[in-house]
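**Student:** Pasting in a structure now, in structure tokens, and then I'll have a few things to ask.
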């Protein structure tokens, strides 16, 4: 498979490997952080050593992501640059400390990344006709909708409320950067979900067209016989 890939496909394959490693690491560690009672009781200003060490990894990942995306902007597009910059900034600000509990909650978005990378890998392997492809596709759509759209929107509302009702002073730049980043990232999630739905519809229509053409061919063969 690797030999028949062109340069762009190889690049995308390597990027997906890195994002998969990051997603697995962040999901597993974030689940522990979410269960931390101390952070849950002080989601805005609470701090924890595990959270800081975990976010240090994701800050490094997003820094690499920004550089990598910029160097290959013609392949990745500006939406991924916006995603990288805003995510990097928010997790850097978490060390102030700010929103360390919510930082782990938002990392649950990465659940959909795992299914997306499996989906793309199966396409690279030309396994679109296998049942695993369809099962993973349903898992991708479901996880993206519930993790990023439903859960992400609910989290965003809570974050805005926390920022507005803080008992302690918050750096105005940090507060507004978080708000702007939240709007940008949530908007990207809604946009990407619309792309996923449109792609799924197109694939379904293509499958129906192929099925109809096969039925026509079979009917024609019976008439010839």
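In the numbering used here, the protein residues as written are 7 to 231.
By construction, the Cβ of each residue, glycine as well, lies at the ideal position given by its N, Cα and C atoms.
Bear in mind that the values here come from a model prediction, so they are computed numbers and not experimental data.
Are the CB atoms of residue 153 and residue 114 within a distance shorter than 8 Å?
**Tutor:** The residue labelled residue 114 in the question sits at position 108 within the chain shown. The residue labelled residue 153 in the question sits at position 147 within the chain shown. Yes, Cβ-Cβ distance for residue 114 and residue 153 is below 8 Å.
**Student:** Run the CB neighbour count on residue 159, radius 10 Å, all protein chains shown included, and call it buried at 16 or more, exposed below.
**Tutor:** Counting from one through the chain shown, the residue named residue 159 turns up at place 153. Per the 10 Å Cβ criterion, exposed.
**Student:** If you draw a straight line from the C-alpha of residue 220 to the C-alpha of residue 201, how long is it?
**Tutor:** On the chain shown, residue 220 is found 214 positions in, with the first residue counted as 1. On the chain shown, residue 201 is found 195 positions in, with the first residue counted as 1. With a pLDDT of 49 at residue 220, under the threshold of 50, the modelled position of that residue is not reliable, and the figure given next carries that caveat. Whole-angstrom Cα-Cα distance: 29 Å.
**Student:** Report back the beta-carbon spacing between residue 49 and residue 107 to the nearest angstrom; my notes put them in contact at under 8 Å.
**Tutor:** Start at 1 with the first residue of the chain shown, and residue 49 comes out as number 43. Start at 1 with the first residue of the chain shown, and residue 107 comes out as number 101. That belief holds up - the Cβ atoms of residue 49 and residue 107 are roughly 4 Å apart, short of 8 Å.
**Student:** List in chain order: all unbroken alpha helix (DSSP H) runs of 4+ residues lying wholly within the region 133-207.
**Tutor:** Fully enclosed alpha helix (DSSP H) runs of 4 or longer: 137-149, 157-170.
**Student:** Can you confirm whether the region 75-92 touches the region 125-137 when touching is taken to mean that 3 or more C-beta pairs between the two stretches lie within less than 8 Å?
**Tutor:** Not touching, per the Cβ criterion.
**Student:** Taking 8 Å as the cut-off, decide whether the C-beta atoms of residue 119 and residue 24 are in contact.
**Tutor:** For the purposes of this step, residue 119 is taken as residue 113 along the chain shown, with counting starting at 1. For the purposes of this step, residue 24 is taken as residue 18 along the chain shown, with counting starting at 1. Contact flag unset, no.
**Student:** Should residue 14 be labelled buried (16 or more other beta-carbon atoms within 10 Å of its own) or exposed?
**Tutor:** Position 8 of the chain shown, counted from the first residue, corresponds to residue 14. Under this definition residue 14 is an exposed residue.
**Student:** State the Cα-Cα distance for the pair residue 101 and residue 136, rounded to the nearest angstrom.
**Tutor:** Within the chain shown, residue 101 is the residue found at index 95, counting from 1. Within the chain shown, residue 136 is the residue found at index 130, counting from 1. Each residue's Cα considered, the two are about 45 Å apart.
**Student:** Helix, strand or coil for residue 219? Go by DSSP, reduced to three states.
**Tutor:** Against the chain shown, residue 219 aligns to sequence position 213. Bear in mind that the predicted position of residue 219 carries a pLDDT of just 46, short of 50, making it too unreliable to give a figure here.
**Student:** What's the C-alpha gap between residue 194 and residue 44?
**Tutor:** The sequence position of residue 194 within the chain shown is 188, counting from 1. The sequence position of residue 44 within the chain shown is 38, counting from 1. When rounded, the distance between both Cα atoms is 31 Å.
**Student:** Give me the residue from 156, 71, 198, 172 with the minimum Cα distance to residue 22.
**Tutor:** By 1-based counting over the chain shown, the position of residue 22 is 16. Selected option, being the one with the closest Cα: 71.
**Student:** Does the Cβ of residue 10 have 16 or more other Cβ atoms within 10 Å, making it buried, or fewer, making it exposed?
**Tutor:** Taking the first residue of the chain shown as 1, we reach residue 10 at position 4. Exposed is the call here.
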